[in-house]
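If you're matching positions, the sequence shown starts at 21 in the numbering used here and goes up one per residue. Report on the structure given below.
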Amino acid sequence: MMNPTDLRQITSKGISEEQINRQLEEFKLGFPYLKLEAAATPTKGIVLMSGEEQEKVCNIWKTYQSGDHRVVKFVPASGAASRMFKDLFAFLNGVNQKPANDFEREFFDNIHDFAFFNELNQKCEQNEGKSVDELIKDGDYKLIVDTLLNIRGLNYGQLPKGLLSFHKYDDGVRTPIEEHLVEAALYAASNKQAYVHFTISHEHLELFKQKVTEKIAQYEAKYDVKLNVSYSEQKPSTDTIAVNPDNSPFRNDDGSLLFRPGGHGALIENLNDLEADIVFIKNIDNVVPDRLKKETIDWKMVIAGKLVELQKQTFDYLHLLDKGDYTRAELEEILSFLQHDLFCESREAKTLDDNALAQYLYDKLNRPMRVCGMVKNVGEPGGGPFLAYNHDGTISLQILESSQIDKSNKDYVKMFTDGTHFNPVDIVCAIKNYKGEPFDLTKHVDKSTGFISSKSKNGRELKALELPGLWNGAMSDWNTIFVEVPLITFNPVKTVNDLLREQHQ
Numbered sequence: 021m022m023n024p025t026d027l028r029q030i031t032s033k034g035i036s037e038e039q040i041n042r043q044l045e046e047f048k049l050g051f052p053y054l055k056l057e058a059a060a061t062p063t064k065g066i067v068l069m070s071g072e073e074q075e076k077v078c079n080i081w082k083t084y085q086s087g088d089h090r091v092v093k094f095v096p097a098s099g100a101a102s103r104m105f106k107d108l109f110a111f112l113n114g115v116n117q118k119p120a121n122d123f124e125r126e127f128f129d130n131i132h133d134f135a136f137f138n139e140l141n142q143k144c145e146q147n148e149g150k151s152v153d154e155l156i157k158d159g160d161y162k163l164i165v166d167t168l169l170n171i172r173g174l175n176y177g178q179l180p181k182g183l184l185s186f187h188k189y190d191d192g193v194r195t196p197i198e199e200h201l202v203e204a205a206l207y208a209a210s211n212k213q214a215y216v217h218f219t220i221s222h223e224h225l226e227l228f229k230q231k232v233t234e235k236i237a238q239y240e241a242k243y244d245v246k247l248n249v250s251y252s253e254q255k256p257s258t259d260t261i262a263v264n265p266d267n268s269p270f271r272n273d274d275g276s277l278l279f280r281p282g283g284h285g286a287l288i289e290n291l292n293d294l295e296a297d298i299v300f301i302k303n304i305d306n307v308v309p310d311r312l313k314k315e316t317i318d319w320k321m322v323i324a325g326k327l328v329e330l331q332k333q334t335f336d337y338l339h340l341l342d343k344g345d346y347t348r349a350e351l352e353e354i355l356s357f358l359q360h361d362l363f364c365e366s367r368e369a370k371t372l373d374d375n376a377l378a379q380y381l382y383d384k385l386n387r388p389m390r391v392c393g394m395v396k397n398v399g400e401p402g403g404g405p406f407l408a409y410n411h412d413g414t415i416s417l418q419i420l421e422s423s424q425i426d427k428s429n430k431d432y433v434k435m436f437t438d439g440t441h442f443n444p445v446d447i448v449c450a451i452k453n454y455k456g457e458p459f460d461l462t463k464h465v466d467k468s469t470g471f472i473s474s475k476s477k478n479g480r481e482l483k484a485l486e487l488p489g490l491w492n493g494a495m496s497d498w499n500t501i502f503v504e505v506p507l508i509t510f511n512p513v514k515t516v517n518d519l520l521r522e523q524h525q
């Protein structure tokens with residue numbers, strides 16, 4: 021039962037009591053696992069494109085770019101980089117004074133190869149009166165790490181990834197923010213206008229703005245494009261209540277309720293607020309230097325062109341269905357398109373009469389659409405592509421995380437472990453309908469696909485609730501197409517030593 025103080029706290033966040041009661045019920049009942057048909061593979065659900073097909077859809081994208089369309093690059097960028105430096109924090113807080121494991125040795129042995137080395141070296145000289153090399157010679161390894169991570173130095177342990185120096189160039193270094201601006205100019209511009217939207221934490225807003233203000237003119241001049249950059253924060257109304265292990269509301273020391281961010285699934289609200297025809301989604305840390313950008317750009321144009329091609333066909337069919345002047349043969353042609361091109365299947369559809377079939381087809385086609393690049397599975401963490409059952413009994417393509425799969429079902433576990441591909445968050449979306457109106461994306465979320473995880477605060481255990489993931493349940497009711505893209509297009513930076521990989525040098 022919520023007391024008046026609780027209700028005031030809830031209301032101030034824009035959350036209703038009904039939402040809280042539903043979340044408390046979800047903690048008690050948990051979330052159902054999805055019923056799976058199969059892992060998506062190149063023989064079932066993942067499109068492999070020949071060189072000729074790639075060229076065709078690239079040209080479709082170039083034609084689209086020359087029209088009057090608003091294309092936005094949407095970059096989730098709110099997380100701090102603290103997890104990227106987890107191993108270095110452990111070294112800093114540990115008993116060893118010198119590198120004692122492979123990770124630590126790799127970091128110090130190659131410290132000159134990091135793009136941030138010169139900044140770090142200058143800060144060490146300023147703070148300690150010694151260069152990095154002198155500190156290493158004297159065995160003062162922890163002073164170097166402290167200067168890198170903490171506020172007395174570069175503060176990298178608290179900054180977001182977007183603001184870290186990732187790549188070295190002859191004329192300086194670049195942050196991921198800058199690499200995304202360059203990417204937007206190279207594949208997401210329309211009529212020499214490129215829009216980039218970063219979702220960020222409130223405390224980092226001014227730092228992002230400063231970096232963009234400092235650099236934007238340089239990239240606009242270099243690529244002859246106008247860059248329009250905007251920002252949004254995760255809405256307080258998407259926070260979720262935390263509970264104790266017995267599912268009672270977790271209370272802070274002052275008696276107030278504890279709310280936590282609802283995970284990246286909360287960003288469906290931010291995506292929904294965008295004014296855009298086409299949206300590219302890509303994580304902040306998946307960027308490469310210019311010398312490796314060509315394949316990334318080419319494949320972004322491929323998946324965008326594929327989206328535009330399928331959207332045009334979908335819109336043509338929707339206009340036909342809207343007019344009501346169709347034959348049974350045309351309905352069966354549309355059904356074949358839905359099943360074989362959009363990979364949405366109903367085993368009952370062919371038995372429906374014309375009116376019922378037309379309504380079914382209209383409902384399934386008149387949805388947001390996304391084309392997702394899928395890379396071959398090489399053991400990286402991430403969601404996988406599956407054919408899964410929906411609440412209405414249809415089967416469609418979904419991106420699932422391991423927590424959504426029933427581990428007691430041996431067949432499902434085998435599907436997940438034997439999956440040939442995984443999701444690198446390489447997505448392009450069409451978010452307007454055939455009449456040119458924006459979809460309400462919040463109406464296409466499968467709310468039964470959230471996550472419950474174990475956390476702690478001040479040494480007390482708690483359970484946290486995450487909303488359906490942005491590319492998982494939040495896009496469950498979209499038309500989804502998977503296209504195989506090469507692994508070279510996926511270069512995430514999960515730990516600081518990933519920056520030593522050849523792709524980031």
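Every residue, glycine too, gets a C-beta built ideally from N, C-alpha and C. Because the structure is a prediction, the values reported are computed rather than measured.
Quick one, are the C-beta atoms of residue i and residue j less than 8 Å apart?
i	j	result
Gly285	Gly493	yes
Ser252	His222	no
Leu108	Phe127	yes
Arg367	Asp497	no
Phe228	Val165	no
Leu327	Ile301	no
Asn290	Val445	no
Ile131	Phe123	no
Thr236	Leu247	As written in the sequence, residue 236 is Ile, which differs from the Thr given in the question. Yes, the Cβ-Cβ distance between Ile236 and Leu247 is below 8 Å.
Asp361	Leu330	yes
Met435	Leu56	yes
Met69	Val395	no
Ile317	Tyr207	yes
Enumerate in chain order the residues of its own chain whose CB-to-CB distance from residue i is below 6 Å, with the five nearest sequence positions on each side excluded.
i	result
Lys475	Leu482, Ala484
Thr334	Leu385
Ile501	Val391
Gly283	Glu486, Leu487
Ile197	Gly182, Lys231
Pro24	none
Tyr382	Leu341
Trp319	Val505, Thr509
Glu199	Val307
Could you pull out every residue in the same chain whose Cβ sits closer than 7 Å to the Cβ of residue i, ignoring the five residues on either side in sequence?
i	result
Pro256	Lys33, Gly34
Lys369	Rather than Lys, the amino acid found at residue 369 in this sequence is Ala. Here the set comprises Leu355, Leu377, Tyr380.
Asp88	Asn211
Leu225	Tyr251
Taking the alpha-carbon of residue i as reference, which of the options has the nearest alpha-carbon?
i	options	result
Ile390	Asn453, Val516, Pro512	Inspection of the sequence shows that residue 390 is occupied by Arg rather than by Ile. Arg390 has its Cα closest to that of Asn453, out of Asn453, Val516, Pro512.
Asn528	Gln29, Ser36, Ala58, Glu37	Summary: the structure shown does not reach residue 528, with the chain confined to residues 21 through 525, and so no result is reported for it.
Ile40	Phe270, Val503, Lys314	Phe270
Asn499	Ser210, Val465, Lys514, Leu519	Val465
Ser423	Gly159, Ser416, Cys449, Gly404	Gly404
Glu365	Asp412, Gly393, Gln331	Asp412
Arg280	Asp293, Val263, Asn267	Val263
Cys144	Asp133, Ala120, Asn170	Asn170
Asp310	Gly159, Val193, Leu420	Val193
Phe363	Val249, Thr63, Met22, Gln213	Thr63
Val516	Asp133, Glu226, Leu44	Asp133
I think residue i touches residue j, with their Cβ atoms under 8 Å apart; what is that distance to the nearest whole Å?
i	j	result
Asn410	Gly439	At roughly 20 Å, the Cβ-Cβ gap does not stay under 8 Å, so Asn410 and Gly439 are not in contact.
Met104	Lys188	About 18 Å; that fails the 8 Å criterion.
Leu461	Ile288	6 Å
Leu407	Gly114	About 46 Å separates the two Cβ atoms, so there is no contact after all.
Lys314	Glu203	In fact, because the Cβ distance is near 11 Å, the residues do not count as touching under 8 Å.
Leu168	Ala101	Not quite, the Cβ-Cβ distance comes to about 11 Å (not below 8 Å), so this is no contact.
Glu295	Arg90	6 Å
Gln74	Leu312	About 18 Å separates the two Cβ atoms, so there is no contact after all.
Tyr7	Ala209	In this structure the chain extends from 21 to 525, so residue 7 is not present and cannot be described.
Lys118	Gly159	6 Å
Val152	Gly325	Not a contact, Cβ separation roughly 47 Å.
Leu351	Asp336	With 8 Å as the limit, Leu351 and Asp336 do not qualify as a contact, their Cβ atoms being about 14 Å apart.
Leu140	Leu174	6 Å
Lys48	Asn267	5 Å
Got a sec? Which residues, its chain only, sit under 8 Å from residue i by beta carbon, not counting five neighbours each side?
i	result
Glu46	Gly470, Ile472, Leu485
Glu457	none
Beta-carbon of residue i versus every beta-carbon of chain B: anything under 8 Å?
i	result
Gln424	Going by chain labels, chain B is absent from the structure shown, which holds only one protein chain.
**Study point:** 4 or more residues per run - each alpha helix (DSSP H) lying fully within the segment 371-451
**Key:** 374-385, 430-437
Exercise for review: Could I get the ranges of all uninterrupted beta strand (DSSP E) runs contained in the segment 33-119, with 3 residues as the minimum, in chain order?
Suggested key: 56-59, 91-96
Check your understanding: Which residue spans inside the segment 132-170 form an unbroken alpha helix (DSSP H) run of at least 4?
Key -> 137-148, 152-157, 161-169
Check your understanding: Which whole runs of the alpha helix (DSSP H) in the segment 198-263 are 4 residues long or more, in chain order?
Key -> 225-243
Practice item. Within the segment 263-323, note down every full beta strand (DSSP E) run reaching 3 residues or more, in order along the chain. Key: 298-302
Exercise for review: Pick out the complete beta strand (DSSP E) segments inside the segment 448-509, 3 residues or longer, and give them in chain order.
Suggested key: 471-477, 480-486, 499-504
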